[in-house]
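In what follows, a structure is listed as C-alpha cells, so that the remarks can point back to it.
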Amino acid sequence: MMSAAERSAAALTAHAAFEAWWAGDINSAEKLAAEAVRADPNELLAWQASARFAAAGLRRVEGDNVVRADLYAKRALRAAEKCVELGPNDAESYRLLAAALTGRDNKTAKEALEWATWRDPNNADNYVVRAHLVLAAEAPGPAAFDVADQLLRQALAINPYNREAQRALGVNAIRRGSVHEGAYHLATAAAGNRAAEAALPDTVRRLQRRFRPSRRVYVIAGVAVLILWRAIDFALSAAGG
Numbered sequence: 001m002m003s004a005a006e007r008s009a010a011a012l013t014a015h016a017a018f019e020a021w022w023a024g025d026i027n028s029a030e031k032l033a034a035e036a037v038r039a040d041p042n043e044l045l046a047w048q049a050s051a052r053f054a055a056a057g058l059r060r061v062e063g064d065n066v067v068r069a070d071l072y073a074k075r076a077l078r079a080a081e082k083c084v085e086l087g088p089n090d091a092e093s094y095r096l097l098a099a100a101l102t103g104r105d106n107k108t109a110k111e112a113l114e115w116a117t118w119r120d121p122n123n124a125d126n127y128v129v130r131a132h133l134v135l136a137a138e139a140p141g142p143a144a145f146d147v148a149d150q151l152l153r154q155a156l157a158i159n160p161y162n163r164e165a166q167r168a169l170g171v172n173a174i175r176r177g178s179v180h181e182g183a184y185h186l187a188t189a190a191a192g193n194r195a196a197e198a199a200l201p202d203t204v205r206r207l208q209r210r211f212r213p214s215r216r217v218y219v220i221a222g223v224a225v226l227i228l229w230r231a232i233d234f235a236l237s238a239a240g241g
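Numbering (the UniProt record's numbering), first residue to last: 1 to 241.
If you want it as C-alpha cells, here you go:
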C-alpha cells in the first residue's frame, strides 16, 4: 500500500513535469513524467503528462523519423489508455485517448472525443483534437484545411494562450504553401519558450521540406497541363474546321 506522502510526491513530480514542459525544457519534462509514473503507477496526472508529452513528441518527429514516430505513437496510446483506466469519468483522459488514436483508429478517436466534449464542452483542446481528426484523412483537400483552421480559431477564442492551436495553424499554413503565415503562428506558439524560439528557423525549414511537393507531383501536373492544352487545341481546331 502506498502512503499518502508517496502519492503526493508523485503528483508534485507530475506537476513539475508540466512546468518544465511549458518552460520549454522538453527533456526534463519527459524524465519527470516517467519518474512520477515510477513513483506511483496509479497517479493519473503522471500518466496524463506522459500521454501529452508523447503525443507532442510524435508531432515533432512525424514525417522525419519513422522509428521514433512509431515509438512515440505507441507510448502515447499506452499512456492514454492507462489514463482512461485510472480516470474513467475524466474528460482529459478521453481527450488524450482521442489524440493518441487520431490517424490510427479515427472512428474510436471520434467516439472518445465526443465523450470528452460532453463532459467538458468548453475546453479549447476539444477543438484542437477535432481539427487534427479532420486532417487525419490520407490526402486532405482545401475544404478540410478550412474546417480545421476554423476549429483551431475557435480553440483560440476560448483560450488565446493555447500553444497547440497556434502551432497547428502554423503547420497547416505551411502545408498549404503559406510560409510567412505559418512562421507567424509558430512564432506565436513559441513565444516565451526560449528553446522553441531558438529552434524556430529550423522548424520552419523542416516543415517546408516535409510538405514540399515531390518532383513526381510536378511532373504529373505538367503532363496534365500538356494534355489539357492539347485537348483545347484540338477542340478549337475542330470548331474552326
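Heads up, the beta-carbon is just placed ideally off N, CA and C, and yes, glycines get one too.
Candidates A36, W21, E85: closest to A11 by CA position: Ranking the options by Cα distance to A11, first place goes to A36.
Is it a yes or a no for the stretch 61-75 touching the stretch 83-93, going by three-plus beta-carbon pairs under 8 Å? no
Work out the CA separation of W22 and P41 for me, nearest whole Å. 23 Å
Proximity winner among A183, L133, L32, relative to R95 (alpha-carbon distances): L133
Measuring only the C-alpha atoms, how far is E19 from A29? 8 Å
Indicate the three-state DSSP secondary structure (helix, strand or coil) for D90 in the structure shown. coil
Complete runs of the alpha helix (DSSP H) confined to the stretch 56-127 [at least 4 residues]: Positions of the alpha helix (DSSP H) runs, each at least 4 residues long and wholly inside the stretch 56-127, are given as 66-86, 91-101, 106-119 in order along the chain.
Tell me whether P140 sits in a helix, a strand or coil according to DSSP, three-state version. coil
Quick one: does the C-beta of R153 sit closer than 7 Å to a heavy atom of the ligand FMN? The ligand FMN is not among the ligands present in this structure, which contains no ligands whatsoever.
Answer with buried or exposed for Y161, where buried requires no fewer than 16 other C-beta atoms within 10 angstroms of its C-beta. A residue is called buried when at least 16 other Cβ atoms come within 10 angstroms of its Cβ; Y161 does not meet this threshold and is exposed.
Please report the straight-line C-alpha distance between N122 and G177, rounded to a whole angstrom. 32 Å
Buried or exposed for H180, going by 16 or more other Cβ atoms inside 10 Å? So H180 ends up on the exposed side.
Burial state of A155 (16 or more Cβ within 10 Å): buried
Could you give the C-beta distance for Q166 and A189, rounded to a whole number, given that I count them as a contact under 8 Å? Correct: roughly 4 Å between the Cβ atoms.
Answer yes or no: do A55 and A76 have a C-beta to C-beta separation smaller than 8 Å? Using a Cβ distance threshold of 8 Å, A55 and A76 count as a contacting pair.
Inter-residue Cα distance where the pair is A9 and F53: 20 Å
So for G170, helix, strand or coil by DSSP? Helix, per DSSP.
Verify whether the separation of the beta carbon atoms of L44 and L86 is less than 8 Å. yes
Would you decide whether Q150 is buried or exposed? Buried here means 16 or more other CB atoms lie within 10 Å of its CB. exposed
Under a Cβ-count criterion, where at least 16 other Cβ atoms within 10 Å of its own Cβ denotes burial, should N27 be classed as buried or exposed? exposed
Looking only at its chain, what residues have a beta carbon closer than 6 Å to the beta carbon of A73, apart from the 5 residues adjacent to it on each side? L58
Assuming K82 and W115 make a contact with CB atoms under 8 Å, what is their CB distance in whole Å? 17 Å between Cβ atoms; not a contact.
Might you give, ordered along the chain, the residues of its own chain that have their beta carbon closer than 8 Å to the beta carbon of A14, omitting 5 neighbours on each side? L32, A33, A36, E43, L45, A46, Q48, A49
Within 10 Å of its beta-carbon, does R104 have 16 or more other beta-carbons around it, so buried, or fewer, so exposed? exposed
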